[in-house]
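Enquirer: Would you mind keeping the following structure in view while I ask a few things?
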Amino acid sequence: MLAVVCGLVFAAHAQESGRGRKYKPPPPTCKVTVTVVRAYNGKPLENASVVFHPLENGKDKGNMELKTNEDGKVTIDVVPVGDQLRLQVLAPGFQTFGNDYDLPSDTKDIEVKLKRPQKQYSIYENHPEENGSQPQDQKPPPQQDTKPQ
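Residue 55 is where the sequence shown starts when you use the numbering used here, and the numbers rise one by one after that.
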């Protein structure tokens, strides 16, 4: 009996003095909710693939893919607060979306507006909307005299 009591006291003392494994709780996580809608009418897009890439110090820690529900939503809560998240959204008939997000708090709501595919951008073409000039094949309309007669 004395040996059992001594053994229990010694085991309790060993745990208190730092020997053995200590429980380390996981870090707090951020609840990320992504809503995917059509850009042209704002209606939810069901069954879109949402790929989450948690980033820690700029390095990809793997990925998780989920499909949106009938409301166009998907939610995860496994990425630690303070990390970054790289998000990709893919859906047939729409342009692929991608962006990086910081997760400074315990919740993050993201709305993604997917667009229809557009003409591919080319550096060999003139882009008037970017530099304010007219395309080379279009000339400005002729000016008319509007002098009073």
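C-beta: ideal position from N, C-alpha, C; glycine also.
Just so you know, these numbers come straight off a predicted model, no measurement behind them.
1. Consult DSSP for P182 and reduce its assignment to one of helix, strand or coil.
2. Please report the distance separating the alpha-carbon of K78 from that of V132.
3. If you count every other CB in all the chains shown that lies within 10 Å of the CB of P108, and 16 or more means buried, which is it?
4. From the DSSP output, read off the bridge partner residues of N101.
5. Between the C-alpha atoms of D137 and T161, what's the straight-line distance to the nearest angstrom?
6. Helix, strand or coil: how does DSSP classify L157 here?
7. Excluding five sequence neighbours on each side, which residues of the same chain lie with their C-beta closer than 7 Å to the C-beta of A93?
8. Excluding the 5 residues preceding and the 5 following V135 in the sequence, name in chain order all residues of the same chain whose CB lies nearer than 8 Å to its CB.
9. What is the residue span of the beta strand (DSSP E) that K85 lies within?
10. Should D125 and P98 be called a contact, given that it needs their Cβ atoms to be closer than 8 Å?
11. Using a Cβ-Cβ cutoff of less than 8 Å, which residues in the same chain neighbour I164 once the five nearest sequence positions on both sides are dropped?
Expert: Once the coordinates are examined:
1. Helix at P182.
2. Note on geometry: alpha-carbon atoms of K78 and V132 lie some 17 Å from one another.
3. Its Cβ being crowded by 16 or more others within 10 Å, P108 is buried.
4. Beta-bridge pairing links N101 to no other residue.
5. Straight-line Cα distance between these residues: approximately 12 Å.
6. Looking at L157 - three-state DSSP - the assignment turns out to be coil, as it is neither helix nor strand.
7. Excluding residues within five positions, the ones whose Cβ falls inside 7 Å are K167, L168, K169.
8. So the list reads P81, P82, T83, C84, L157, P158, S159, D160, once near-sequence residues are dropped.
9. That run of the beta strand (DSSP E) goes 83–92.
10. Cβ atoms of D125 and P98: closer than 8 Å.
11. Once the five neighbours on either side are set aside, the close Cβ partners of I164 are V86, T87, V88, T89, L141, Y155.
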